[in-house]
Amino acid sequence: MIDLLLPLFFTHVIYSAHVPLLFNYITPHNCSNTTAYFDSLNFQCRNCNGDSIASFNHLYCICPSGTIQISDGTCQKCQQGKKVSSDGHFCIDCSMTKTETQCSLCPFRHFMQRTISSNGTIMTETCAKCPANNKVSIYGDTCIPCLNIDDNCECQDDETCKKVEENKMFVMIELENGSQESSTYIAKNIRRVTKGCSNGNTQACQHLANICVLQNYRMQTASACTEFEKIANSIIYKRNNGLLTTPILFYHNSEASIELSRETAISASFSFNINHPNSFLEIILIQYALNGTFIGMKTLSESNLNICSQQKNKFHFGTFYQMQCFIQLQHLLHLSGGQPIFSDLFIAFLNKSAQKQMYAVPILNENIRLHGEFVNRLTPDEFSNSKWILTRRLYFVDSISLDTAQNSAIIRYPEKIDIRVQIQSQKNGQIMPPYVRIRHAEIQRNPEKQLLVQFAITYHTNESQFFQYIEIALFALAVLSFIFAAIRAYSWGKRSGKMIIDGATLIKLILFECEILSDVFLFVILTPTLFTVFAYKMQQIPQYVIFNSKQEEILLTYILVTTVLKLITLLHCNAHLILTKTFFIDWERPHVTFKTNNKAPVSSDVREDVDITQPVIWRTYLVANEWNELQDYRKTSVGLQMITMIALLNWLKLENWAAITPGLSTNIPASTKSTTLSELAIISSIYLTVSVIQWIFRVTIVEQLFLDPFHNMIDLCSISNISVLALTHPLHGYYIHGRSVHDQADTDMIKMNQYLHRERENLCGTRGLEAGSGLQTYIVNLPKTFREQFDAASQVLENDIEQLDKLTADHFDATTTNIQKIAKGHEQLNNFLIKFIEHNNPQADYIINDTSLPELLCDIEFTDSSHVGNFIRDKSEIAYSAAFIYGNEWVYLSFELSLFCSVYIFTRSYTCSAFITYIISVISRKLVSTFFTNHLIKSSFVDHRFLF
């Protein structure tokens, strides 16, 4: 083995001049001169030597009709009556004529009998048939016996039909499972083509190179590749005048990372605009037959490698393509023409001088092994791997090399083809050399077998720095989120009357951190995702590319984590709303009516001469029902949201925006590719847009022109002469001052109309808590003494209600007695709150002021309210909506958005995501509504039989 490889490595040093990768774009059609032929190795039109002319396809040189090629490569015309021999080198007399100037070949099983002069010149040619059990030799000039093992006379190694190749390693092909199979085709041809290549036959060198490709570029043991490299690197085969004399198969001088990172290799600016140059990805295939014959040039889009595409359209630069299809093996073999077709790939482009050029495209063949390892299947560090082995040639379908027997033939076909293009960041549309990743699969011959073939074109760029910025922003905002969560936890502790940090405070800190961190994740993930997707689609000169698969996996994980955090936040918010203590303060006083009976003598007891009518409870029940209905009111409709999402994505085909292609078009080919992250970008952008439209429409149009339930609630309180105190925290909450300026609400229609008329004409006082002010809503921070007295009064009522619940089950008649106790306790609590509001409680008082900007931004109160309460003016008259879902719309909206995205990650169905999101949202609201109503009954002491 050392003796085999040492000369090979030594010759690398000799041959190691820079191999050309860049060529001018020249095709056989450019060689229009009759004496010019196309050199497929160097992509040049070269003149034929001497009097020779180009063949009809301009692929090689031939002598004109009636002339022969002599030793110096020139052509010589035959004498009168002489004809050109079948090999084109002699002027002879022959009986089998093809044309007037040329002899024809002998028919099947006939050999050519030649008369040769003393100086070795062929004089005549005649055809004779071989006898039985003999066959024509490979040179066609004699008959040789057939061996018993070769009854069909198909062997062609030499004239004795002896297998020339004694070294089995030369003819071995290593399969996917590690086993090695001997190739009959290679055994019959390798020695001949090796000798021909050594003698300067370019077609034989191409043939030998193709056999090397069939052996998956095996270099560790003796193979066609080692033979080819010996010849290609030999001193006599150094390039002549800078021209290649053998095909290039390997990148010997550098690692894959260097070859794939040549910034100046392709001097062209690519564009997404189809009206600009280089707006299509034009990959050119230089194709060769198995025997080394040059077939021609074909674009990738029109070739068999693009087997899954029916239209064979050009590949628009910047469009991600993802195609997979099932194809019948029989059809695949038909496309290949029965023999493997080999291709060298080049990317064609217009350089800065508007000259069309081609650059060699490296091949990353995943079937290459090194020390038993598939090195080209290793995960890249970023864009490449130092262990990768890049090559220059690939084949389509191989049904020849392993065709040992008809029933056990192994077919190799391209299972995966992936073309990857790296766009240079901030380089005005320049790209690195693209490469093709290909993997062949093996299958036993079965013409009816359906095979899965995948084809993809993707683009990427160096997004590591941008992704690092995302991670830095995420870390910085996470730190800030903890600080803000600590502030909120401190504010909660202060509003709850806690003097020290306890377990409840720490739990609240964690819950607040979950809430803030979920928003941080949502913002940091969605912002760059939306930017990269839409910036990529709208740019003309490529600079931005979407995240790669590894980065996408990280971002999707963050989305799933965000959903979990949003769920915790939703549960926390619901518990906060449910546990709000609400009490309805009735300002109505008992009505006193003096008796007017003239027959009865005047009593000395005044109470016997008057009728005292207690305030009716229906006003409280009415306000309580309206208050209870507010908890189900939202700024957005989740049902409308889901229907709109399905309509826009499925029916209007906005889902096609997710395709990674330039422009926002819904009419895209089915072969275009989208990623999960690009689909989520379209989902989230449409979701947020629809939500914002709903939000704005509800707030600016519906609530301003038609229905404003929260401001209507304030008016209802004033008309009903009832105030509302809602405590979201033990010492913090919201107050609606509903005391009527008329001090009466239990009245008839006429008087109520008079009251409203007086308010409209400003003939009475204002509704506000402060004199001369119409402001009725306040954010309250209460002193501890208030809470102590409030809890004491509430505890009596709660105990009475518990007793009522126990007695009602067995003794219905006991209800009346307990109701009287509850009513009396309710009246006492009502009077306590009235005294507090009217500043008639010396132990618990409050002041009224405005909030400062820092307090508003941080949602915290800096003033001390432990001894004297603080009523903060709410000039928006909507702050108390924070005690309802309406004021926490973002919590619900963001949860539904993240839930929609998370469900889509697993189901990949818009309809399923919308359905699950809607069901969970409705169930959540129903549960919150039930618990909210139950706690409202418990805290406001409203009879549950009258709360709907």
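Numbering (mature numbering (1 follows the signal peptide of the UniProt record, and there is no 0)), first residue to last: -16 to -1, 1 to 932. Glycine included, C-beta positions come from ideal geometry on N, C-alpha and C. In this text, all values refer to a predicted model and were calculated from it rather than measured experimentally.
- Counting only runs of at least 3 residues, the region 652 to 714 fully encloses the following beta strand (DSSP E) elements, listed from N- to C-terminal order: 706 to 713.
- Between Ser166 and Lys152, the beta carbon gap of about 6 Å places them in contact (Cβ cut-off 8 Å).
- The alpha-carbon separation between Gln760 and Phe568 amounts to approximately 15 Å.
- Assigned with DSSP and collapsed to three states, Gln414 falls in coil, not helix or strand.
- Distance from the CA of Arg479 to the CA of Leu715, rounded to the nearest whole angstrom, comes to 5 Å.
- Rounded to the nearest angstrom, the Cβ distance from Leu319 to Pro431 is 13 Å, too far for a contact under 8 Å.
- Each residue's CA atom was taken as its position, placing Val607 and Tyr894 some 42 Å apart.
- By the Cβ-count criterion, Gln812 is exposed, with fewer than 16 other Cβ atoms from all chains shown falling within 10 Å of its own Cβ.
- Looking at the backbone, the Cα of Gln678 and that of Thr684 are separated by about 10 Å.
- Rounded to whole angstroms, the Cβ separation of Phe330 and Ile250 is 11 Å, and the two are not in contact under 8 Å.
- Judged by their CB atoms, Phe868 and Leu614 are nearer to each other than the 7 Å cut-off.
- Looking at Asn651, Cys189, Ser241, the one whose alpha-carbon comes closest to that of Thr363 is Ser241.
- DSSP places Val437 in the uninterrupted beta strand (DSSP E) bounded by 434 to 445.
- Here Lys808 is exposed: its Cβ has fewer than 16 other Cβ atoms, across all protein chains shown, within 10 Å.
- With distances taken between CA atoms, Ile215 lies nearest to Gln190 out of Gln190, Asn558, Thr108.
- Judged by DSSP in its simplified three-state form, Gly322 adopts coil rather than helix or strand.
- For the pair of segments examined, the region 700 to 709 was found not to touch the region 547 to 559: the number of CB pairs separated by less than 8 Å stays below three.
- In this structure, the straight-line span from the alpha carbon of Ile831 to that of Phe468 is close to 28 Å.
- Around the beta carbon of Ser370, fewer than 16 other beta carbons lie within 10 angstroms, which makes this residue exposed.
- Beta-bridge analysis with DSSP links Asn833 to Ile856.
- Taking the CA atoms as reference points, His919 sits about 59 Å from Ser409.
- Shown here, Tyr888 sits in a helix according to DSSP, grouped into three states.
- Scanning Glu239, Gln406, Ala112 for the CA closest to the CA of Thr248 turns up Gln406.
- Here DSSP, grouped into helix, strand and coil, assigns Phe40 to coil.
- Under the DSSP assignment, Arg98 falls in the beta strand (DSSP E) whose first and last residues are 94 to 100.
- Take the alpha-carbon of Pro324 and the one of Cys45: they are about 26 Å apart.
- Taking 8 Å as the upper bound for CB-CB distance, Ser327 and Leu378 are in contact here, some 6 Å apart.
- For His713, the CB contacts under 8 Å within the same chain, skipping 5 residues up- and downstream, are Trp476, Arg479, Ser480 in chain order.
- Ala38 counts as buried, since no fewer than 16 other beta carbons sit within 10 angstroms of its beta carbon.
- In the structure shown, Val68 adopts extended strand secondary structure according to DSSP, grouped into three states.
- For the options Gly162, Asp570, Thr229, the alpha carbon positioned closest to that of Arg202 is the one of Gly162.
- For the 7 Å CB-CB criterion, Phe254 and Phe304 do not form a contact.
- In the DSSP secondary-structure assignment, Ala344 is bridged to Phe330.
- Counting only the Cα atoms, Tyr520 lies some 10 Å from Leu648.
- The alpha-carbon separation between Leu386 and Leu159 amounts to approximately 10 Å.
- Around the beta carbon of Arg682, 16 or more other beta carbons lie within 10 angstroms, which makes this residue buried.
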